[in-house]
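As structure tokens, the structure follows; a few thoughts come after it.
In our numbering, the protein residues as written are 77 to 219.
Here is the structure:
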């Protein structure tokens, strides 16, 4: 069965939903391991996830990267040194307890709440996008 792609929004929104789902699982794992000795919280790098999705779609030799304009020497330099490596990484920056665990329950629940809101916003935008297409199809019947 062939599927006609009406809008590329759906494909990228579904990839974003996949990202949010993976991130929710990682955060849940962090919370579940709050008492595990020497456990370090894990997270996913959105930029790497997006880059992988773009490589799948457009190939690795794409040349439409946006460059940050720098019209003054006082502007910040581009963040070339910000290479994070893989998509899933260990999140640092929190003081480890005596048992070596560095999961901060407040941070994890905050990140889970933010992730949940973003997931719900994506679902709402997909519903709105679907409603616009449904309205356009319904309106075109009466022409």
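Even glycine gets a Cβ: it sits at the ideal position worked out from N, Cα and C.
query	result
Please report the straight-line C-alpha distance between residue 178 and residue 163, rounded to a whole angstrom.	20 angstroms
Pick helix, strand or coil for residue 208, following the three-state DSSP scheme.	helix
Is it buried or exposed for residue 172, if we count other Cβ within 10 angstroms and need 16 for buried?	exposed
Buried or exposed, going by whether 16 or more other CB atoms sit within 10 Å of the CB of residue 103?	buried
With a threshold of 8 angstroms, are at least 3 pairs of Cβ atoms found where one atom belongs to the segment 124 to 134 and the other to the segment 106 to 116?	no
Less than 8 angstroms between the beta carbons of residue 126 and residue 195, yes or no?	no
How is the beta strand (DSSP E) around residue 118 delimited, first residue to last?	118 to 120
Whole angstroms is fine: what's the gap from residue 106's alpha carbon to residue 184's?	7 angstroms
CA-CA distance, residue 190 and residue 215?	37 angstroms
Measure how close the beta-carbons of residue 186 and residue 89 come, nearest whole angstrom, since I'm counting them as under 8 angstroms.	Their Cβ separation, rounded to whole angstroms, is 24 angstroms, which puts residue 186 and residue 89 out of contact at 8 angstroms.
Specify the secondary structure class of residue 164 as computed by DSSP and reduced to three states.	strand
Grab me the residues of residue 91's own chain with a C-beta within less than 7 angstroms of its C-beta, minus the 5 sequence neighbours each way, in chain order.	129
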